[in-house]
């Protein structure tokens, strides 16, 4: 498939796909005689892996490392690393992803709480004033006094 179809399927821009190609993370499997990039389902899969890693703030090097592990596990590239060790490395990435997801959940919960407080304030405003919202994070001494 050509890059335009990949853009539609993955949701990345042409520029992002070309950037990942420049960084050596995804390379087109072939080119047409006219020089157009051609991608396979496997290439699309690699881009989707990168897309899922990006919001978790994995670095390009980490992305490259994980793709290498996945390639070795599925036999796409030869590896001298024992499969058990590859699975251990994969599990390390899984643990890192789990930890980063948990941090994102905490941030999302805080953001939702903040948005709700703003909605509550906006709904209760009768005098045109805007009282300061309660701090989003309670200080340790406030928590001790309350409990």
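Residue numbers (my numbering): 226 to 372.
For each residue, glycine too, the CB sits at the ideal point set by N, CA and C.
Given the structure is predicted, the values throughout are model-derived calculations rather than measurements.
Burial state of residue 283, where buried means 16 or more other Cβ atoms lie within 10 Å: Of the other Cβ atoms in all chains shown, 16 or more fall within 10 Å of the Cβ of residue 283; this residue is therefore buried.
Other residues of its chain near residue 248: CB distance less than 8 Å, five sequence neighbours each side excluded: Answer for residue 248: 285, 289, listed in chain order.
Rounded distance between the beta-carbons of residue 274 and residue 231, thought under 8 Å: Contact between residue 231 and residue 274 fails: their C-beta atoms lie close to 14 Å from each other, not under 8 Å.
Helix, strand or coil at residue 263 according to DSSP, with G and I counted as helix: In this structure, residue 263 counts as strand in the three-state DSSP scheme.
CA-to-CA distance, residue 317 to residue 351, given in whole angstroms: Low confidence applies here, because residue 351 scores a pLDDT of 46, under 50, leaving its location unreliable; read the following figure in that light. Taking the straight line joining both Cα atoms gives about 54 Å.
Nearest to residue 263 (by Cα), restricted to the options 281, 277, 243: Checking every option, the nearest Cα to that of residue 263 belongs to 243.
Cβ-Cβ separation, residue 326 to residue 281 (assumed contact under 8 Å), whole Å: Right, the Cβ-Cβ distance comes to about 7 Å (below 8 Å), so this counts as a contact.
Member of 254, 258, 336, 342 whose CA lies at the smallest distance from the CA of residue 272: Minimum Cα distance to residue 272 is reached at 254.
Segments of 3+ residues assigned as beta strand (DSSP E) that fall wholly inside the segment 297-329: Entirely contained in the segment 297-329, not one beta strand (DSSP E) run reaches 3 residues.
Burial state of residue 335 (16 or more Cβ within 10 Å): With fewer than 16 other CB atoms across the displayed protein chains lying within 10 angstroms of its CB, residue 335 is exposed.
Under 8 Å between C-beta atoms of residue 276 and residue 251: No Cβ-Cβ contact shorter than 8 Å links residue 276 with residue 251.
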